[in-house]
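Undergrad: I am attaching a structure below and will ask some questions about it afterwards.
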Amino acid sequence: MESTTRGARRWTCRDCGWIYSEADGIPADGIPPGTPWDELPSSWTCPECGAHKEAFGMVEP
86 MESTTRGARR
96 WTCRDCGWIY
106 SEADGIPADG
116 IPPGTPWDEL
126 PSSWTCPECG
136 AHKEAFGMVE
146 P
């Protein structure tokens, strides 16, 4: 069982510190609220610095 609720996890860019929240999504970029991290395409990049998805780590609650 996951320790965090699906849709409530947050991921931070290790390059610039920008945070992706599954609960918030990025509506301005067409990513609706509630979009799980795993559903972002592998080609997705940080909207702040352009880092690839691999540069992100999950924020522990």
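To convert a position in the sequence shown, counted from 1, into the numbering used here, add 85.
Note that CB positions come from ideal geometry on N, CA and C, so glycine has one too.
Does residue 86 come out as helix, strand or coil in the three-state DSSP assignment?
TA: Confidence in residue 86 is poor, its pLDDT being 34 and thus under 50, which makes the residue's placement unreliable; the coordinate value appears in the next sentence. Coil.
Undergrad: Straight-line CA distance for residue 117 to residue 107?
TA: Taking the straight line from one Cα to the other gives about 9 Å.
Undergrad: Going by DSSP, which residues form a beta bridge with residue 95?
TA: DSSP lists 106 and 144 as partners of residue 95.
Undergrad: Nearest CA to the CA of residue 103: which residue from 132, 145 and 126?
TA: For the residues 132, 145 and 126, the minimum Cα distance to residue 103 belongs to 132.
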